[in-house]
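A.B. asks: End of the sequence shown sits at 282 in our numbering; the numbers just go up one at a time, nothing left out.
Think of the CB as a built atom: it goes at the ideal place given N, C-alpha and C, for glycine as much as any other residue.
The structure under discussion is supplied below as structure tokens; questions concerning it will follow.
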Amino acid sequence: MKFPETSMLVGLMILTAALAACSPPTPAPPVVTVVYPTRVVPTQSPLAPTTAPAPTIDPRPQPTPVPQRINFAPGATTATVTGKLTSNVSDHWVLRVLAGQTLSVNLVPANGKARLIIYGADGTVLISDHADAMQWNGRIPITQDYHIKVNAYDNTTPSYTLQVTVPPLQPTVPPQPTPRRITFAPGAISATVSGVTHAVDVDRWIIAAQAGQTMTVNLIVPPGGRAALVIYGVDGTVLISDHASAMQWSGHLPKTQDYHIDVKPETGAVSYTMQVTIPPR
């Protein structure tokens, strides 16, 4: 048996343990801490939103420009006015025009450009600013005041001359009746015609005759009726006018031509018979 070796080994182990217990403890190596500098990133505070200041609104109502009236000198058909435009403000003119009259407007800016706006007091637009026009001419539909505005382009401030022309109304000429021709039967020296006048309308007849012939005209109307003869040549020579208020006429003819014989009523509508005699020369 090998007990002595085992006992020796156990003794050594016990001795080693005892020595280790009596030895002072080995100090732990120091821990070195490396401190790196911290990078400080500046923080930016969010900017407060900024708003533009609200425009100041003037609560007072803006005055409406009073239109300046255009007047014509006595007997004149044209008037000329002048002005200078303020930025973004129209010059305002007005004039009275009758229905059927012709209105002509001509705008002449001294510098820059301007345009016309023309409309009636009832709102009828004759020309708008969309036309970009400086002239206008046309017949007026209604009797009323018509407004003429002169408007500048953008922010320009041109001076200008405005010429307005309104000729007088021309008298309406009533349509002339078509004359009916009087002819004689073969070998006859007279002819009888009849008709009815309407109110103030004239019945018109025409007959050919030669210079030196004698013409006799006799107008017959019912009792209470009244009409007058008017006789004249196509060249304008008057043989008898309505001022004579005559219903008979006889005389030598001065020229070979057509002669008009008008029957003009004096008491409204009237029926009549008319006899025309022209003997041969």
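Mapping DSSP to helix, strand and coil, what is D155?
C.D. replies: Residue 155 sits at position 154 when you count from the first residue of the sequence shown. In the structure shown, D155 sits in coil (DSSP, three-state: anything other than H, G, I, E or B).
A.B. asks: Given this structure, state the Cα-to-Cα distance separating I71 from T144, to the nearest angstrom.
C.D. replies: Your numbering for residue 71 matches position 70 in the sequence shown. Your numbering for residue 144 matches position 143 in the sequence shown. CA-CA distance, I71 to T144, rounds to 16 angstroms.
A.B. asks: Identify the continuous beta strand (DSSP E) that holds K265 and give its terminal residues.
C.D. replies: Counted from its first residue, the sequence shown places residue 265 at position 264. Residues 258 to 266.
A.B. asks: Buried or exposed for V239, going by 16 or more other Cβ atoms inside 10 Å?
C.D. replies: Counting from one through the sequence shown, the residue named residue 239 turns up at place 238. Result: exposed.
A.B. asks: Any beta carbon from chain B within less than 8 angstroms of Y120's own beta carbon?
C.D. replies: Considering every chain present, this structure includes no chain B. It has just one protein chain.
A.B. asks: DSSP on A270, reduced to helix/strand/coil?
C.D. replies: Walking along the sequence shown from the start, residue 270 turns up at place 269. Three-state result, A270: coil.
A.B. asks: What residues in its chain sit with their C-beta under 6 angstroms from that of V222, if we drop five residues either side in the sequence?
C.D. replies: Taking the sequence shown and counting its residues from 1, the one referred to as residue 222 is at position 221. So the list reads A228, V271, Y273, once near-sequence residues are dropped.
A.B. asks: At the level of alpha carbons, what is the spacing between V90 and V98?
C.D. replies: Here residue 90 corresponds to residue number 89 of the sequence shown, with the count starting at 1. Here residue 98 corresponds to residue number 97 of the sequence shown, with the count starting at 1. Their backbone Cα atoms lie some 25 angstroms apart in a straight line.
A.B. asks: Report, in whole angstroms, the separation of the C-beta atoms of Q164 and T78, which I expect to be a contact under 8 angstroms.
C.D. replies: Within the sequence shown, the letter at position 163 stands for residue 164. Within the sequence shown, the letter at position 77 stands for residue 78. Actually they are not in contact, since the Cβ atoms of Q164 and T78 sit about 11 angstroms apart, beyond 8 angstroms.
A.B. asks: Applying the criterion that 16 or more other CB atoms from any shown protein chain within 10 Å of the CB defines a buried residue, is D133 buried or exposed?
C.D. replies: Working through the sequence shown from its first residue, we reach residue 133 at position 132. Exposed, because fewer than 16 other Cβ atoms sit within 10 Å of the Cβ of D133.
A.B. asks: In or out: K265 buried (at least 16 other Cβ within 10 Å) or exposed?
C.D. replies: In the sequence shown, counting from the first residue as 1, residue 265 sits at position 264. Looking at its Cβ environment, which holds 16 or more other Cβ atoms inside 10 Å, K265 is buried.
A.B. asks: Give me the Cβ distance between G121 and Y147, rounded to the nearest whole Å; I'm assuming they're in contact under 8 angstroms.
C.D. replies: Counting from 1 along the sequence shown, the entry for residue 121 is found at position 120. Counting from 1 along the sequence shown, the entry for residue 147 is found at position 146. G121 to Y147, Cβ: 5 angstroms. Contact.
A.B. asks: Considering only their Cβ atoms, is the gap separating P176 from W206 smaller than 8 angstroms?
C.D. replies: Sequence index remark: in the sequence shown, residue 206 carries index 205 (1-based). Sequence index remark: in the sequence shown, residue 176 carries index 175 (1-based). The answer is no: Cβ separation not under 8 angstroms.
A.B. asks: Once you ignore the five residues that flank N107 on each side, which residues in its own chain have a CB closer than 6 angstroms to its CB?
C.D. replies: By one-based count along the sequence shown, residue 107 stands at place 106. So the list reads Q136, Q164, once near-sequence residues are dropped.
A.B. asks: Please look up how many angstroms separate the CB atoms of Q258 and G237, rounded, as I've assumed it's under 8 angstroms.
C.D. replies: Start at 1 with the first residue of the sequence shown, and residue 258 comes out as number 257. Start at 1 with the first residue of the sequence shown, and residue 237 comes out as number 236. In fact, because the Cβ distance is near 10 angstroms, the residues do not count as touching under 8 angstroms.
A.B. asks: Below 8 angstroms between beta carbons: does that hold for I119 and I141?
C.D. replies: Taking the sequence shown and counting its residues from 1, the one referred to as residue 119 is at position 118. Taking the sequence shown and counting its residues from 1, the one referred to as residue 141 is at position 140. No, Cβ-Cβ distance for I119 and I141 is not below 8 angstroms.
A.B. asks: Using DSSP with H/G/I as helix, E/B as strand and the rest coil, what is H199?
C.D. replies: Position 198 of the sequence shown holds residue 199. Looking at H199 - three-state DSSP - the assignment turns out to be coil, as it is neither helix nor strand.
A.B. asks: Just confirm the distance between the C-beta atoms of A210 and I279, as a whole number of angstroms; I'd bet it's less than 8 angstroms.
C.D. replies: For the purposes of this step, residue 210 is identified with residue 209 of the sequence shown, where counting begins at 1. For the purposes of this step, residue 279 is identified with residue 278 of the sequence shown, where counting begins at 1. 6 angstroms between Cβ atoms; contact.
A.B. asks: Return the residue from the list L96, G226, L220 that minimises the CA-CA distance to D263.
C.D. replies: Counting from one through the sequence shown, the residue named residue 263 turns up at place 262. Of L96, G226, L220, the residue nearest in Cα terms is L220.
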